[in-house]
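> As you go down the protein sequences, you meet chains A and B in turn. When you line the first sequence up against the working numbering, it's residues 1 to 397, in that order. When you line the second sequence up against the working numbering, it's residues 1 to 265, in that order. To start, I am sharing the structure in question, which I have written as structure tokens.
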Amino acid sequence: MNLAESLRIALRALNANKVRSALTMLGVIIGVAAVILLVAIGTGVQGEILGQIEGLGSNLLFAFPAAMEGGGGGGQGGLAIRKQFELEDAERVRRVLGSSAIVVPIIQASGTIKAGNKTLRTTIAGGDDQGSEVFTADLAGGRHYNRAEYVGGVRVIGLGATVAKELFPRSDPVGKSVSLNGQRFTVVGHYEAQGGALSGDQDNQVYIPVTTAQRILNTRNISAIIIKAVEADDVERIRAQTRAALRPRFGSQLSVFSQEQTLGLLSQLLGTLTVMLAGIAGISLLVGGIGIMNIMLVSVTERTREIGIRKAVGAKTYDIMSQFVIEAIVLSVAGGAVGMAIGGGGAAVLDRWVPTEVTAWAVALAFFFSAGVGVFFGAYPAWRASRLDPIEALRYE
Amino acid sequence: MPEQAPPASAATASTCGEGRVVLEARGVDKTYQMEGLEVRALRGVDLRICEGRMLAVMGPSGSGKSTLMHIIGLLDRPTAGSVRVEGEEVSHMAPNELAAVRNKRIGFVFQSFNLLPRTSALANVELPLVYAGVGGGERARRARESLERIGLGDRLGHFSSQLSGGQQQRVAIARALVTEPSIVLADEPTGNLDSRSGVEVMSILQDLNRQGITIIVVTHDPRVAQHAERIVHLSDGRIVRHEIVEDRTCADDEMAEILARAEEE
């Protein structure tokens with residue numbers, strides 16, 4: 001018996017039980033659609049977040065004093081103190097790099113901001129007058145703090161979108177005074193919301209001059225130095241120069257890494273998340289497969305007599321086996337095709353709210369997995385069918 | 001008794017008077033294990049069937065006639081003894097080999113018709129040819145010829161549920177004939193039919209037999225058995241008597257009687 005013949009028999013059998021066939025397929029349809037949809041969302045969100053970070057510019061470098069390694073050696077190691085950057089370090093880097101880069105000393109700390117009777121936890125971001133070059137938020141009103149305010153350590157503040165909205169829901173915050181960690185500040189500007197998943201936190205930031213930040217935090221240190229290369233191609237050279245400039249004071253306890261490395265790390269993380277989503281959806285596909293097995297077992301029992309008739313007139317084990325396996329494959333592949341259509345269509349519709357991207361590998365995976373599910377879960381019922389004794393099967397009522 | 005089993009020394013390609021031996025069973029034993037109990041369904045059955053004959057196997061229920069039918073129909077294998085179909089030893093064949101021989105040499109007609117549901121008469125008759133590997137066009141042609149032969153040429157597309165019992169049994173006969181088998185094996189072919197349809201079916205079987213087809217009818221009903229040329233009586237798993245039917249019933253005469261009676265009423 002050839003394949004076309006088996007296919008025709010399978011289609012006839014499935015057609016005879018339309019509702020049951022459709023319900024069985026539903027399991028696979030949901031599974032395949034879920035795989036495609038979840039992977040599409042995962043990939044889409046990943047793309048958007050990476051795009052946002054890339055929007056910061058691939059020409060950014062971040063310099064941090066590295067944490068002390070455990071070292072393992074004895075001696076005076078126990079008392080080793082992590083050396084922090086100071087403003088002079090940023091100055092030194094700036095001198096070395098000259099006009100090839102913008103160098104911004106950064107302080108990042110958490111703080112409490114108050115206006116009237118409202119209090120909010122917030123992140124303080126301190127920079128110099130060029131801070132707006134490396135912080136990505138766009139002005140919604142007012143201005144950035146200026147050079148004079150940076151040099152003088154004046155208590156002026158720019159509010160992120162969330163902060164501005166929470167503290168001044170109905171009025172323009174510019175010119176108002178707020179209290180940050182107990183100190184009075186004058187609002188000079190506020191910023192647009194950046195939206196998006198990862199940057200949500202940035203809307204809860206306030207921007208002040210780094211010198212002011214040192215004063216209210218009572219420190220001489222800064223958290224990091226951000227270097228923005230004027231030419232993106234220069235990044236590697238600038239990285240080397242930055243290292244060289246800081247090495248006399250920090251030696252090897254220094255890390256300078258680029259946007260690209262951050263991207264790589266994040267991309268890996270988000271990729272893992274996407275695979276996890278696919279895995280969860282895969283489980284539903286597995287459940288759909290078990291549904292197929294269940295129905296095929298019922299179908300074999302129900303058609304015991306038919307199997308007996310077929311065997312009596314000369315069907316071999318192989319004929320019966322292939323008949324039922326093909327039936328299961330037709331169920332799962334048809335379900336897979338419908339699931340792909342729904343998954344693809346669903347991703348297109350969802351794209352209005354969530355970024356989605358249907359990838360070829362997810363579609364291929366879902367399709368071959370569903371076909372595999374058919375073979376795998378159809379095999380056992382088919383084997384049972386093929387093993388039936390023709391006499392018993394003919395006697396079966 | 002010319003048709004009794006030959007002595008064990010007889011040649012395998014034995015003949016019986018005028019015809020070839022199409023099926024020969026020798027010393028067939030069949031023992032079942034039923035819940036730990038051994039049941040000896042057949043005890044040393046010897047049987048020879050010559051080409052073109054019509055034989056009835058008769059016996060009460062439990063006599064072993066179903067078991068014998070399964071074994072000569074190659075649906076089952078004997079525990080001991082030999083079964084030859086057209087000289088070929090089949091008692092040790094694997095299930096798949098038996099299926100192939102069954103497909104080619106044996107046509108079944110069952111008491112409960114055993115047609116595939118939701119399937120047309122034509123497709124039902126095509127079924128053995130599907131497993132014989134006969135392709136589309138020829139398959140449909142042969143199935144149609146077979147249905148025409150038993151007078152159902154106008155019911156090709158009907159589903160079994162749209163046919164009367166008698167018609168369904170005739171479809172089953174057409175299916176049994178389509179591979180041109182050596183033997184048509186009919187197990188209580190009239191058991192589920194009203195008397196008129198039963199006579200009709202017997203008339204077809206007799207007619208086919210006149211055309212040279214070998215037929216075995218398994219039945220518990222003496223009136224059905226009277227249509228055969230010869231009756232083998234089974235009891236407790238043994239052949240207890242061979243009977244040559246003296247006054248053979250002709251189904252066509254019966255039919256005429258039924259029609260005449262219907263006219264009188």
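Glycine included, each C-beta is placed from N, C-alpha and C at the ideal position. The model shown is predicted, which means the values in this text are computed figures rather than measured ones.
Check each candidate in A132/B, N96/B, M58/B and name the one with the smallest Cα separation from E180/B.
Nearest option by C-alpha distance: A132/B.
> Is the segment 92 to 108 of chain B touching the segment 300 to 316 of chain A in the sense that three or more CB pairs, one from each, lie closer than 8 Å?
Short answer: they touch.
> Across which residues does DSSP place R54/B in a beta bridge pair?
According to the sequence provided, residue 54/B is Met. The question's Arg does not apply to it. Answer is I215/B.
> Which whole-angstrom value describes the C-beta separation of V28/B and I216/B, a residue pair presumed to lie in contact below a C-beta threshold of 8 Å?
Not really, about 15 Å apart at Cβ, beyond 8 Å.
> Measuring only the C-alpha atoms, how far is I222/A from G116/A?
Cα-Cα distance, rounded: 30 Å.
> For the segment 57 to 83 of chain B, which residues have a beta carbon sitting closer than 7 Å to at least one beta carbon of chain A?
H70, L75, D76
> Starting from Q169/B, trace the alpha helix (DSSP H) both ways and give me its first and last residue.
165 to 177
> Say yes only if the C-beta of I307/A is nearer than 6 Å to one or more non-hydrogen atoms of the ligand FMN, and no if none qualify.
Of ligands this structure carries none, so the ligand FMN is not represented either.
> What residue does the alpha helix (DSSP H) around H70/B start on, and which one ends it?
65 to 72
> Looking at C-beta atoms only, is the number of pairs between the segment 32 to 44 of chain B and the segment 231 to 250 of chain B that lie closer than 8 Å three or more?
yes
> Output, in chain order, the set of chain A residues within a Cβ distance shorter than 8 Å of N114/B.
R305, G308, I309, A312, L394
> Which residues mark the beginning and the end of the alpha helix (DSSP H) in which L208/B is found?
195 to 210
> Kindly indicate which three-state DSSP category T31/B falls into: helix, strand or coil?
strand
> Within its chain, find whatever has a CB closer than 8 Å to the CB of Q206/B; leave out the 5 residues flanking it on each side and keep chain order.
M54, H227, C250, A251, D252
> Does the pairing of the segment 354 to 374 of chain A with the segment 282 to 300 of chain A give three or more beta-carbon distances under 8 Å?
yes
> Cβ atoms of V93/A and G336/A: under 7 Å apart, would you say?
no
> Reducing DSSP to helix, strand and coil, say where P390/A ends up.
helix
> Any C-beta of chain A within less than 8 Å: which residues of the segment 123 to 142 of chain B qualify?
Listed by position, the residues of the segment 123 to 142 of chain B near chain A (Cβ gap below 8 Å) are L127, P128, V130, Y131, A132, G133.
> By Cβ distance, which residues of its chain are closer than 6 Å to A16/A, with the 5 residues on each side in sequence left out?
none
> Helix or strand or just coil, what does DSSP make of R261/B?
helix
> Just grab the DSSP bridge partners of P105/A for me.
I225/A
> In three-state DSSP terms, what is A80/A?
Note that A80/A scores 48 on pLDDT, short of 50, meaning its location in the model is unreliable and no value can be drawn from it.
> Look at the alpha carbon of R143/A and the alpha carbon of D233/A, and state the distance between them as a whole number of angstroms.
31 Å
> Would you mind reading off the limits of the alpha helix (DSSP H) that contains L14/A?
Following the DSSP letters along the chain, one finds L14/A inside the alpha helix (DSSP H) bounded by residues 3 to 16.
> Taking a contact to mean a Cβ-Cβ separation below 7 Å, would you say G291/A touches T24/A in this structure?
yes
> What span of residues does the beta strand (DSSP E) with F257/A cover, start to end?
254 to 258
> Nearest to T219/B by CA position, among V171/B, R144/B, T119/B, G59/B, is which residue?
The candidate whose alpha carbon is nearest that of T219/B is G59/B.
> Would DSSP call F64/A helix, strand or coil?
strand
> What residues match up with V39/B in a beta bridge as DSSP calls it?
Y32/B
> Should A240/A go down as buried or exposed, given a rule of 16 or more other Cβ atoms within 10 Å for buried?
exposed
> State buried or exposed for E231/A, treating a residue as buried only when at least 16 other CB atoms are found within 10 Å of its CB.
exposed
> Kindly list, in the order they appear in chain B, the residues whose Cβ is closer than 9 Å to that of D351/A.
Ordered by position in chain B, no residue passes the 9 Å Cβ test against D351/A, which lies about 45 Å from the chain.
> So I231/B is in the beta strand (DSSP E); what residue range does that whole segment cover?
230 to 235
> Using a Cβ distance threshold of 8 Å, determine whether the segment 109 to 127 of chain B contacts the segment 161 to 169 of chain B, with at least three qualifying pairs required.
yes
> Residues of chain B with CB under 7 Å from T317/A, in chain order?
Ordered by position in chain B, the residues that pass the 7 Å Cβ test against T317/A are P95, N96.
> Give me the chain B residues within the contact set of E5/A, using Cβ-Cβ distance strictly less than 7 Å, ordered along the chain.
V130
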